[in-house]
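Protein chains: 2
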Amino acid sequence: MAAYKAKQILLAKRPKGMPTLENFKFQEIDVPEPALNEVLIKTLYVSVDPYMRGRMSDRESYVPPFELHKVISGGVVGEVIESKSPDFNKGDFVVGQLGWQTYQLVQSEEIRKIDENLAPITAHLGVLGMPGLTAYFGMLDIGQPKNGETVVISGAAGAVGSTAGQIAKIKGARVIGIAGTKEKLSFLKNELGFDEVINYKEYDVYKQLKNACPNGIDVYFDNVGGEISDAVMKQINHQARIVICGQISLYNLEKADVGPRPQTQLVIKSALMKGYIVSDYASQFKDAAEELAQWMQAGQIKYRETIIEGFERIPEAFLGLFKGDNIGKYLVKI
Amino acid sequence: MAAYKAKQILLAKRPKGMPTLENFKFQEIDVPEPALNEVLIKTLYVSVDPYMRGRMSDRESYVPPFELHKVISGGVVGEVIESKSPDFNKGDFVVGQLGWQTYQLVQSEEIRKIDENLAPITAHLGVLGMPGLTAYFGMLDIGQPKNGETVVISGAAGAVGSTAGQIAKIKGARVIGIAGTKEKLSFLKNELGFDEVINYKEYDVYKQLKNACPNGIDVYFDNVGGEISDAVMKQINHQARIVICGQISLYNLEKADVGPRPQTQLVIKSALMKGYIVSDYASQFKDAAEELAQWMQAGQIKYRETIIEGFERIPEAFLGLFKGDNIGKYLVKI
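Chains as they are written, first to last, in full-length UniProt numbering: chain X, 1 to 334; chain D, 1 to 334.
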């Protein structure tokens, strides 16, 4: 017996290079009544995140690839419509790694209840969710900014970069953000209090960094990779820490990412470069989320969301990530 | 009043690319009597080390460049000929960062007495000296090999690489050494007990590594850089540690070192890449040297030296480092 008709989005074919709308396919299915321990969710918000590009390819990565002709999944906030689980009630707001699907049945262990009094529910897809935790562990565990140090962030206006920069500010660092539009730079400088901002599309990034970082660079929080990173690497200090959070400029490259190898600079500067994925820190999520919530409530961490509306527009939002369409967390309201 | 005539080797001009004999100049000087707290040293052994290439250029690096038309300095073992220091007596063997010079006056704080009963005096330029300490801290602090893990070492037959591999063996790792001659491979496998050896000059390094490391690579101790490292990086495991100790294949490059950037692989594998210089660990030298000496005395760390004789041949030995002439520590006996 079908309770609801649901729309879902499948991976139609794997992209070569930049994905297009042709990589996605819509279909409608019937969602049956929940069985024991199952919960029926109505999707309210879908998060699109750069890391999902990796899952569209079938090369080995830190998360398994999406399966072809199966529903795509990512961060979702939803509302419980029916529950056969003792842990959830109708009307609860929940978050989880769920399908790009308007209604869906989930196992109770796949979702977590969220408190709508703590923060707007969408914050659990951003500053209090995966992007916030990604910023938290990358900056604090790897970057370890100290009072007075210089921290540079690429992709600074995204959900992760903007949080990472504010965490570095909390630790007393001087923070320089790199982004690609005037609106983003204004957000970083005027709303978030970044010390300096750099538009990588204008003028030479190396020279802009040289001006913005007269004492060199102690921490580089990298969401972007490529030539922006090359320019940063030339200016790192002794014992610098380079946090490799993402490499969005490379996700759609069809050939190898070739450029100056950073190893010589790492040895000359006794510097550290470390990649990570937020799930490496799963055992510490609870404490981190609490600290992020405290900072948010104290006004020390602000956030912005770019929200477009309509289930059909999820692929468009996802593709927009690679064009830099978003400031802060990019969400689709269903 | 001149006590001794001394020969010395000066930096005649800075090399572009591979150094040649023309970069060095010999001259003879008079060495005066020692003043208070000074010691007159007769040089017995001079160490030539790859890192010295960096000091011949005037680009910024972790150690200041050699000065043009000044005496070149490096690791030296000598004998005290005259002492005006209460800390040293005639006949003492000492080690220090001293000039390429047959006789020289030094301040007492520039040298350290060595115990010829503990080990042959030359060991203080190798396994018990800078190269041994470099291996020790790189492998133990950055590499952190665990029992059963796979460790790959490039430049494995040099003074640092051969020690690093044996330290990884002590920690229970499976150790694969990369070198460029049959004699070196035989030394690594038959004398030092490396589990597998790879000749980078023969056959494809990537495929040889694939065969030698069926479980992937957990620690890469890199002395070489360039394409050998590219082949290793493709095969690292989750949470791998890459120790950037040196990049000898690149020291004489006249252009930028361009190749696949490793950042994407670091983020996919949550891997760490860290450069260092042994002086980062100066506060821990004493304990480390004691542990190295214990391992040496227990037969757990063996070493080999390549020694040529004659002060005039120091430049030749230095240049030989870049041709792979040496197995183990390369020394010149004066």
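Ideal placement from N, C-alpha and C gives every residue a C-beta, glycine not left out.
Item                                                                                                                                                                                      : Value
Taking 9 angstroms as the CB-CB limit, is Ser-229/X close to chain D?                                                                                                                     : yes
Look up Glu-149/X in the DSSP assignment and say whether it is helix, strand or coil.                                                                                                     : coil
Here's the rule I'm using: 16 or more other beta-carbon atoms within 10 Å means buried, otherwise exposed. How should Gln-284/D be labelled?                                              : exposed
Take the Cβ of residue 336/D as the centre, count every other Cβ of all protein chains shown within 10 Å, and call the residue buried at 16 or more, exposed below.                       : Residue coverage of chain D in this structure runs from 1 to 334, which leaves residue 336/D outside it and unanswerable.
For Val-332/D, count neighbouring Cβ atoms within 10 angstroms of its own Cβ and tell me buried if that reaches 16, exposed if not.                                                       : buried
Quick check: the stretch 262-279 of chain X against the stretch 233-241 of chain X, are at least 3 beta-carbon pairs closer than 8 angstroms?                                             : yes
Within 9 angstroms of any Cβ in chain X, is that where the Cβ of Val-267/D sits?                                                                                                          : yes
List, in chain order, every chain D residue whose beta-carbon is nearer than 7 angstroms to that of Ser-57/X.                                                                             : Near Ser-57/X there are no residues of chain D at all, since even the closest Cβ is about 11 angstroms away, more than 7 angstroms.
Are Ser-47/X and Leu-140/X close, meaning C-beta to C-beta below 9 angstroms?                                                                                                             : no
Run the CB neighbour count on residue 337/D, radius 10 Å, all protein chains shown included, and call it buried at 16 or more, exposed below.                                             : Missing from the structure shown is residue 337/D; chain D here goes from 1 to 334 and no further.
Between the Cα of Thr-306/X and the Cα atoms of Lys-5/X, Gly-75/X and Ala-159/X, which residue gives the shortest distance?                                                               : Ala-159/X
Specify, as a first and last residue, the run of the beta strand (DSSP E) that Glu-196/X falls within.                                                                                    : 196-199
Following the continuous beta strand (DSSP E) through Ile-41/D, name the residue where it begins and the one where it ends.                                                               : 38-47
Measuring only between beta-carbons, confirm whether Met-273/X sits less than 9 angstroms from chain D.                                                                                   : yes
Between the beta-carbon of Val-77/D and the beta-carbon of Leu-44/D, is there less than 9 angstroms?                                                                                      : yes
Specify the secondary structure class of Leu-292/D as computed by DSSP and reduced to three states.                                                                                       : helix
Rounded to the nearest angstrom, what separates Gly-129/D and Ala-164/X at their Cα positions?                                                                                            : 42 angstroms
So with Cβ pairs under 9 angstroms, would you call Gln-144/X a contact of chain D?                                                                                                        : no
Could you tell me whether any Cβ in chain X is nearer than 9 angstroms to the Cβ of Pro-260/D?                                                                                            : yes
What residues in its chain sit with their C-beta under 7 angstroms from that of Thr-134/X, if we drop five residues either side in the sequence?                                          : Val-160, Cys-245 and Val-278
At a threshold of 8 angstroms, does Thr-150/D count as lining the ligand SAM (C-beta to nearest heavy atom)?                                                                              : Inclusion of the ligand SAM in the displayed structure is not the case, the ligand content being empty and no account of it being possible.
Taking only runs of the alpha helix (DSSP H) that begin and end inside the stretch 307-331 of chain X, which ones reach a length of at least 4 residues, in chain order?                  : 314-321
Within its chain, find whatever has a CB closer than 8 angstroms to the CB of Met-233/D; leave out the 5 residues flanking it on each side and keep chain order.                          : Tyr-220, Ile-242, Pro-260, Pro-262 and Gln-265
In whole angstroms, give me the CA-to-CA distance for Asn-147/X and Ile-217/X.                                                                                                            : 13 angstroms
Could you check whether the Cβ of Ser-270/D sits closer than 9 angstroms to any Cβ belonging to chain X?                                                                                  : yes
Output the boundary residues of the alpha helix (DSSP H) element that contains Asn-252/D.                                                                                                 : Note, Asn-252/D: premise wrong, no alpha helix (DSSP H); not H, not E.
Leaving aside the five residues before and after Gly-132/D along the sequence, list all residues of the same chain whose C-beta is less than 6 angstroms from its C-beta, in chain order. : Thr-163 and Leu-292
To which residues does DSSP link Val-106/X through a beta bridge?                                                                                                                         : Val-39/X
Counting contacts by CB-CB distance shorter than 9 angstroms, is Asp-218/X in contact with chain D?                                                                                       : no
With distance defined between alpha-carbon atoms, name the residue in Glu-290/X, Ser-229/X, Asn-37/X and Phe-187/X nearest to Leu-118/X.                                                  : Glu-290/X
Indicate the three-state DSSP secondary structure (helix, strand or coil) for Ile-9/D in the structure shown.                                                                             : strand
Starting from Ser-186/X, trace the alpha helix (DSSP H) both ways and give me its first and last residue.                                                                                 : 182-186
Determine which residues share a DSSP beta bridge with Tyr-203/D and list them.                                                                                                           : According to DSSP, which records beta bridges pairwise, Tyr-203/D is partnered with nothing at all.
Which word fits Pro-50/D, buried or exposed, when buried means at least 16 other C-beta atoms lie within 10 angstroms of its C-beta?                                                      : buried
Just how far apart, CA to CA, sit Phe-26/X and Tyr-4/X?                                                                                                                                   : 16 angstroms
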